[in-house]
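Using our numbering, read the sequence shown as starting at 545 and increasing by one per residue. Every residue, glycine too, gets a C-beta built ideally from N, C-alpha and C. For clarity, every value in this text was computed on a predicted model and none was experimentally measured. Here is the structure we will look at.
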Amino acid sequence: MFRYIYHCIWRHRRLTSIAILFGWIVLNQNTIWADDGDALFKKAKKKTVAQSWDEAIAFYEEFIHEYQGHNNEDDAFFWLAYCLEKKMPNDIQAFLAYDELIQAFPKSTWTDDAVVHQIGMAARFVESGKEEFRDFLHEKLKDTHWQIRQQAAIALGKIRDKNALPILRKMAENPDYYDLVSPLIQNLEGREADDVPAIAAKSLKRSAFEVTTSAKGLEEAAEKEEKTWDWSGVLPTFLTKRHRQYQSMLKTEGKWTLNELIDFGMWTILPTNEFEIYRRLSGYDRSEWLRKYWKVLDPTPATQINEAFDEFKRRVNYAYTHFSETWDYRHLTYKRDMYQRLGWPNAPWDARGEIYIKYGPPQFQTIHGWHTEEWSYYKYHVDFIVKLYETNIYHEAIQPGSLSYYSYKDNIDYVISNYISTPEFRYHHEYNADPLKLKENRFFTEEGFLKFDYSIPIKELGYEKSGDVYQFGYDLTVVVFDEDMREVIRQEKEKMFQRENRRAYKKDQYYLDQIRLQLVPGPYLVSIQIDDKYSKKLGIYMKNLDTSRPPE
């Protein structure tokens, strides 16, 4: 299915001047309706922050009843359930309210959060004797989303349900979350924590094209010697693969080169096993791996600028410039690779740099105590207590803050496992345009050609009026990438059409067009960008295709 990737949180309708008075009144009434809904929703959120649960619940219920179809409708469903949970943490009413959100808005960004809250509530219910909710947790062990299966396994592990063990063992194949998972497996299997490998980290979500390399390149890279440091007597005896990667990149003196900073930044955002592939490459192979990785994440693949990679480099430079200070830790003997002290092996930044590279600048930042700061990310509903002059290699420099506990009181492991301990890179590109939607689209192959039929609702487009004539136009850019993410085809066209009068404009609801490309059989990524000439609307679409077989 064609994937519409334009990301926009707030969608505001833009009124255009219309000659007919009745049309203006209808549009104006819609705007007043939306503004009243925004005001009521803000009232509800203020009561939520103030923890006035009864008033907040009343406002959310009024909003849901009066403003169906509002942009914040799914938000209101979530926060209503949240307030019910806070008011009555052991009452099934909140559990069912989360379920209403999931059923009504299955594609909402709040759906996963709702399921996580349900998992926490179900675990509490089981502990209080409501065994029927154990079936719910068992069901979530089979969820299609690995993150949900993870949370269900952790919840079941805490209530000593051995059905969690298969998922926990699968999680343990990756060395990123040892401190979180080992006590659970230890309790369920009755063995020592040192026997338990570490928990897995979630992978970055990317296109179907995965970043791969040749076996020969890995074999050659594996023969190279790595930088070493005598850690005997100063570190715990158990070191994970991630620790060893980290230690191999530390420096005792000299400035960091750009390539070294990029490598450390990639370690911050890549899962351990994926970074192992990257770090064993060198020269051209590493450059190609890096190019392909970031091209897959490019929010505007049809342009020459890769905003995601540019933002990553900006964050890396900012972290090195602002968070590389050292402190005189003379009295410390152990875990020297965690502390940023001059003369010791150091990372290019402390824990603040790790958070900054993963999530960008915080929405709020304040001093929390001696050598600690609080970083708040309201868009993710989390905050972190971050220690200065320390890295988080031993999971001691970054802890959930008050907002995290407020949002995930009974699921704080969710914040630890999905934010603090997860190597990832979150970036939401600001397109500074309204989304332009296609009504229909269809890919098909025919005699060596790839064809794409699409139609644009004319009401989606802006226009320029000259007399009775309505003039429409947009710029179309089509780029096809092979499986190495290299351009094989680029087409740039200007599309112009018109309607002779208002009646024709109203009668013809869609503009139909076809894109025709000649491609040899094989896998491709097709990127299509549509820029409306007469409004601030933009459509960016991507599709993975294999022309060796008919598309689904």
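Where does residue 568 sit, in a helix, a strand or coil, going by DSSP? Reading the sequence shown from its first residue, position 24 is the one you call residue 568. Confidence at residue 568 is low in this model, with a pLDDT of 35, below 50, so the placement of that residue should be treated as unreliable; the coordinate-derived value is given next. Three-state result, residue 568: helix.
Please list the segments of the beta strand (DSSP E) lying wholly inside the segment 864 to 936, counting only runs of 3 or more residues, in order along the chain. Complete beta strand (DSSP E) runs here, min 3: 908 to 913, 916 to 921, 926 to 931.
Inter-residue CB distance, residue 606 and residue 584 (contact presumed, cutoff 8 Å): In the sequence shown, residue 606 corresponds to position 62, counting from 1. In the sequence shown, residue 584 corresponds to position 40, counting from 1. Residue 606 to residue 584, Cβ: 7 Å. Contact.
Ends of the beta strand (DSSP E) at residue 967? For the purposes of this step, residue 967 is taken as the residue at position 423 of the sequence shown. First-last for residue 967: undefined, no H or E at that position.
Identify the residues that DSSP records as bridge partners of residue 1036: which are they? On the sequence shown, position 492 is the one that residue 1036 refers to. Note: residue 1036 sits in a beta bridge opposite 1021.
In or out: residue 831 buried (at least 16 other Cβ within 10 Å) or exposed? Against the sequence shown, residue 831 aligns to sequence position 287. Classification of residue 831: exposed, given that the 10 Å Cβ count is below 16.
Distance, Cα to Cα, residue 962 vs residue 634? Residue mapping note: residue 962 aligns to position 418 of the sequence shown, counting from 1. Residue mapping note: residue 634 aligns to position 90 of the sequence shown, counting from 1. Computed Cα separation, rounded: 25 Å.
Shortest alpha-carbon distance to residue 929 belongs to which of 916, 1071, 852? Locating residue 929 in the sequence shown gives position 385, counting from the first residue. Selected option, being the one with the closest Cα: 916.
Run the CB neighbour count on residue 1072, radius 10 Å, all protein chains shown included, and call it buried at 16 or more, exposed below. Locating residue 1072 in the sequence shown gives position 528, counting from the first residue. So residue 1072 counts as buried.
Option nearest residue 953 by Cα separation, candidates 603, 611, 614, 626: The residue given as residue 953 occupies position 409 in the sequence shown. Among 603, 611, 614, 626, the Cα nearest to that of residue 953 belongs to 626.
Assuming residue 1057 and residue 1043 make a contact with CB atoms under 8 Å, what is their CB distance in whole Å? Taking the first residue of the sequence shown as 1, we reach residue 1057 at position 513. Taking the first residue of the sequence shown as 1, we reach residue 1043 at position 499. In fact, because the Cβ distance is near 16 Å, the residues do not count as touching under 8 Å.
Nearest candidate by alpha-carbon position, reference residue 657, set 696, 715, 938: Translated into the one-based positions of the sequence shown, residue 657 becomes position 113. Ranking 696, 715, 938 by Cα distance to residue 657 puts 696 first.
For a test of the three-state rule: what should DSSP assign to residue 776, helix, strand or coil? On the sequence shown, position 232 is the one that residue 776 refers to. At residue 776, the pLDDT of 43 sits below 50, so the modelled position is not reliable and the matter cannot be decided from this model.
With residue 1010 as the anchor, note down where its beta strand (DSSP E) starts and where it stops. Stepping through the sequence shown from its first residue, residue 1010 is reached at position 466. That run of the beta strand (DSSP E) goes 1008 to 1010.
On the DSSP letters alone, give me the boundaries of the alpha helix (DSSP H) that residue 793 sits inside. On the sequence shown, residue 793 is found 249 positions in, with the first residue counted as 1. 785 to 793 is the span of the alpha helix (DSSP H), which, as asked, contains residue 793.
For residue 666, I'd like the list of residues in its chain whose CB is within less than 6 Å of its CB, leaving aside the five on either flank, ordered along the chain. Numbered from 1 along the sequence shown, position 122 holds the residue referred to as residue 666. Cβ neighbours of residue 666 within its own chain (closer than 6 Å, five residues either side excluded): 677, 680, 681.
Between the Cα of residue 979 and the Cα atoms of 853, 692, 1084, 844, which residue gives the shortest distance? Taking the first residue of the sequence shown as position 1, residue 979 is located at position 435. The candidate whose alpha carbon is nearest that of residue 979 is 1084.
Supposed close pair residue 692, residue 728 - CB separation, criterion 8 Å: Along the sequence shown, one-based indexing puts residue 692 at 148. Along the sequence shown, one-based indexing puts residue 728 at 184. Under the criterion of beta carbons closer than 8 Å, residue 692 and residue 728 do not qualify as touching, at roughly 17 Å.
Sequence-distant residues of its chain with Cβ nearer than 6 Å to residue 1012 (five each side left out): The count along the sequence shown starts at 1 and reaches residue 1012 at position 468. For residue 1012, where only same-chain residues beyond five positions count, the Cβ hits under 6 Å are 1045.
Just how far apart, CA to CA, sit residue 887 and residue 796? Counting from one through the sequence shown, the residue named residue 887 turns up at place 343. Counting from one through the sequence shown, the residue named residue 796 turns up at place 252. Looking at the two C-alpha atoms, the distance is approximately 6 Å.
Can at least three beta-carbon pairs, one atom from the segment 1027 to 1044 and one from the segment 1061 to 1070, be found at a separation below 8 Å? Look at the beta carbons and you see the segment 1027 to 1044 touching the segment 1061 to 1070: at least three pairs across the two are nearer than 8 Å.
Under 8 Å between the Cβ atoms of residue 856 and residue 969? Against the sequence shown, residue 856 aligns to sequence position 312. Against the sequence shown, residue 969 aligns to sequence position 425. Yes, the Cβ-Cβ distance between residue 856 and residue 969 is below 8 Å.
Just the C-alpha distance for residue 640 and residue 589, rounded to the nearest angstrom, thanks. The sequence position of residue 640 within the sequence shown is 96, counting from 1. The sequence position of residue 589 within the sequence shown is 45, counting from 1. Approximately 21 Å between the Cα atoms of the pair.
Within 10 angstroms of the Cβ of residue 839, are there 16 or more other Cβ atoms? Answer buried if so, exposed if not. The residue given as residue 839 occupies position 295 in the sequence shown. Classification for residue 839: buried.
Touching or not, the segment 807 to 821 and the segment 993 to 1002, by the rule of three or more beta carbon pairs under 8 Å? Result no; under three Cβ-Cβ pairs closer than 8 Å.
Might you give, ordered along the chain, the residues of its own chain that have their beta carbon closer than 7 Å to the beta carbon of residue 1091, omitting 5 neighbours on each side? Against the sequence shown, residue 1091 aligns to sequence position 547. Result list for residue 1091: 989, 994, 1063, 1065, 1066, 1068, in chain order.
Give me, in chain order, the residues of the same chain whose beta-carbon lies closer than 6 Å to that of residue 926; leave out the 5 immediate sequence neighbours on both sides. Here residue 926 refers to the residue found at position 382 when the sequence shown is read from its first residue. Around residue 926: 948, 959, 963.
If we call anything under 8 Å between Cβ atoms a contact, is residue 835 one with residue 901? Locating residue 835 in the sequence shown gives position 291, counting from the first residue. Locating residue 901 in the sequence shown gives position 357, counting from the first residue. Cβ atoms of residue 835 and residue 901: not closer than 8 Å.
Cβ neighbour criterion (16 or more within 10 Å) applied to residue 653: Here residue 653 corresponds to residue number 109 of the sequence shown, with the count starting at 1. By the neighbour-count rule (16 or more Cβ atoms within 10 Å), residue 653 is not buried but exposed.
Neighbourhood of residue 1080 by C-beta, 7 Å cutoff - its chain only, sequence neighbours within 5 removed: Counted from its first residue, the sequence shown places residue 1080 at position 536. Same-chain partners within the cutoff: 977, 978.
Start-to-end residues for the beta strand (DSSP E) that takes in residue 1075: Here residue 1075 corresponds to residue number 531 of the sequence shown, with the count starting at 1. That run of the beta strand (DSSP E) goes 1067 to 1076.
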